[in-house]
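Student: Each residue of the sequence shown is one higher than the last, beginning at 2 in the numbering used here. If you scroll down you'll find the structure; I have some questions about it.
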Amino acid sequence: MADSIGNITAKSDSIDDARAVSAAASAVGTMKKQLEGTIRDNAFWDDAFDQVNSDNRDDWIIENWGTTTKVPRSSIKRRYPTKYVFSDT
């Protein structure tokens with residue numbers, strides 16, 4: 002009888018250990034995916050910052066954001082004349 006209880010206890014511990022390892026691996030995988038998403042977002046925003054501050058920012062802004070507004074470029078330039086959004090050239 003004591004052997005049976007010992008075997009059941011050992012098997013239960015083994016099952017619990019396997020579940021804990023699986024849960025930890027899943028949590029690490031989830032954190033990795035979230036970190037990958039954050040890194041990708043930051044890379045896009047870094048590129049966007051560089052483009053908005055470059056000499057060809059007008060075309061880049063229109064290509065990436067301006068077309069979603071369906072507002073003519075001339076209208077956007079009148080509305081946002083600042084050099085940080087569009088250049089005067």
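Heads up, the beta-carbon is just placed ideally off N, CA and C, and yes, glycines get one too.
In three-state terms, what does DSSP make of M2?
Tutor: Three-state result, M2: coil.
Student: To the nearest angstrom, report how far apart Q52 and A21 are at their CA atoms.
Tutor: The straight-line gap from Cα to Cα measures roughly 47 Å.
Student: Closer than 7 Å to a non-hydrogen atom of the ligand SAM - does that hold for the CB of S27?
Tutor: In terms of ligand content, the structure shown is empty, and the ligand SAM therefore cannot be addressed.
Student: May I ask you to report which of helix, strand or coil DSSP gives N65?
Tutor: The answer is helix: DSSP assigns N65 an H, G or I state.
Student: CA-CA distance, T10 and G38?
Tutor: Distance between the alpha carbons of T10 and G38 is about 42 Å.
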